[in-house]
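Visitor:
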Amino acid sequence: MLEKREKEIFILTKKLEDDSSESLFGVKNLTAQENNLLSEKETLQAKKALLKENFAFESDEASNQVQRLIDEANALQQQLESPHIQKAKLELQFERKKQKSSERLNEIENQKLELKQMVEDLQRDLETKGEAAGAMHAAVKKRDQTVVLLPGERNRYSGCYIAVAAPSETATAENNGVKRSHTDNGGSRPQLNG
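Going by our numbering, the sequence shown runs without a break in its numbering and finishes at 183.
#1: I'd like to know whether the C-beta atoms of Val129 and Leu19 end up nearer to each other than 7 Å.
#2: Do Glu61 and Lys86 have their CB atoms nearer than 7 Å?
#3: What's the gap between the Cα of Glu80 and the Cα of Asn95?
#4: Measuring only the C-alpha atoms, how far is Glu6 from Glu(-3)?
#5: With a 10 Å radius around its C-beta and 16 neighbouring C-beta atoms as the bar for buried, classify Arg113 as buried or exposed.
#6: Quick check on Ala154: does DSSP put it in helix, strand or coil?
#7: Label Ala45 either buried or exposed according to how many other C-beta atoms from any shown protein chain fall within 10 Å of its C-beta, with 16 as the threshold for buried.
#8: Within 10 angstroms of the Cβ of Ala124, are there 16 or more other Cβ atoms? Answer buried if so, exposed if not.
#9: What separation, rounded to the nearest whole angstrom, lies between the Cα atoms of Ala38 and Asn99?
#10: Do Leu1 and Val108 have their CB atoms nearer than 7 Å?
#11: When you compare the CB positions of Glu23 and Lys118, do they come within less than 7 Å of one another, or not?
#12: Below 8 Å CB to CB, which residues in the same chain sit around Ala122 once its five sequence neighbours on both sides are set aside?
#13: Using alpha carbons as the reference points, say which of Gln75, Leu65, Gln82, Thr32 lies closest to Leu115.
#14: Under the assumption that Ser52 contacts Lys101 (Cβ atoms under 8 Å), give the Cβ distance between them as a whole number of angstroms.
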């Protein structure tokens, strides 16, 4: 019976060690995934910064172009006060510049909307990656705590098994009519009744 009990204890110990190894492997895997997410997060942050920079540059460039078109329109407007011979030509040039300016303004507005949408999409993606990285970090931390508790859990399970098994052995000895008595050297020896 003792041999059987030792075998069961060995099996439980081996299972706990296997579970511990599996948990350590899981922690390493989760840590690798967390590092990948953090790397993707940094990449998205870099893209976001670049888009913001490009957006600012495009906005400034567009504003400068619009200002130049306005200045040209104003200059043409002043030239309308020239002699009657040039009036028709200048009016045509003015209308063309005005139409070009309007078309360019529409293009600028569309570009601004597209860039704004891209920045918002990147922001949402960045927030999602950040939340995923936080959840992964919490999972890794939880696994770390589980691995630290495993040796204590193994001792607790072993102690419980021995504590439960001991009364069963005493009950069996009493049922077989075995009585224990102290010897002169302080030890104990089973004696049969009768």
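Ideal placement from N, C-alpha and C gives every residue a C-beta, glycine not left out.
Guide: Based on what the coordinates show:
#1: In the sequence shown, residue 129 corresponds to position 140, counting from 1. In the sequence shown, residue 19 corresponds to position 30, counting from 1. Yes, the Cβ-Cβ distance between Val129 and Leu19 is below 7 Å.
#2: Within the sequence shown, numbered from 1, the residue matching residue 61 stands at position 72. Within the sequence shown, numbered from 1, the residue matching residue 86 stands at position 97. Yes, they are a contact pair.
#3: On the sequence shown, position 91 is the one that residue 80 refers to. On the sequence shown, position 106 is the one that residue 95 refers to. Cα to Cα, Glu80 sits roughly 23 Å from Asn95.
#4: In the sequence shown, the residue the question calls residue 6 occupies position 17. In the sequence shown, the residue the question calls residue -3 occupies position 8. So the two alpha carbons sit approximately 14 Å from each other.
#5: Within the sequence shown, residue 113 is the residue found at index 124, counting from 1. Exposed is the call here.
#6: Working through the sequence shown from its first residue, we reach residue 154 at position 165. At Ala154 the pLDDT is 40, less than 50, meaning the model places this residue with poor confidence and gives no usable figure here.
#7: Locating residue 45 in the sequence shown gives position 56, counting from the first residue. It is exposed - the Cβ of Ala45 has fewer than 16 other Cβ atoms within 10 Å.
#8: Residue 124 sits at position 135 when you count from the first residue of the sequence shown. It counts as exposed.
#9: Translated into the one-based positions of the sequence shown, residue 38 becomes position 49. Translated into the one-based positions of the sequence shown, residue 99 becomes position 110. Each residue's Cα considered, the two are about 21 Å apart.
#10: Here residue 1 refers to the residue found at position 12 of the sequence shown. Here residue 108 refers to the residue found at position 119 of the sequence shown. No, Cβ-Cβ distance for Leu1 and Val108 is not below 7 Å.
#11: Here the question's residue 23 lines up with position 34 in the sequence shown. Here the question's residue 118 lines up with position 129 in the sequence shown. In this structure, Lys118 does not lie closer than 7 Å to Glu23 by Cβ.
#12: Start at 1 with the first residue of the sequence shown, and residue 122 comes out as number 133. So the list reads Glu23, Leu26, Leu27, Lys30, once near-sequence residues are dropped.
#13: Looking up residue 115 in the sequence shown gives position 126. Among Gln75, Leu65, Gln82, Thr32, the Cα nearest to that of Leu115 belongs to Thr32.
#14: For the purposes of this step, residue 52 is taken as the residue at position 63 of the sequence shown. For the purposes of this step, residue 101 is taken as the residue at position 112 of the sequence shown. 11 Å between Cβ atoms; not a contact.
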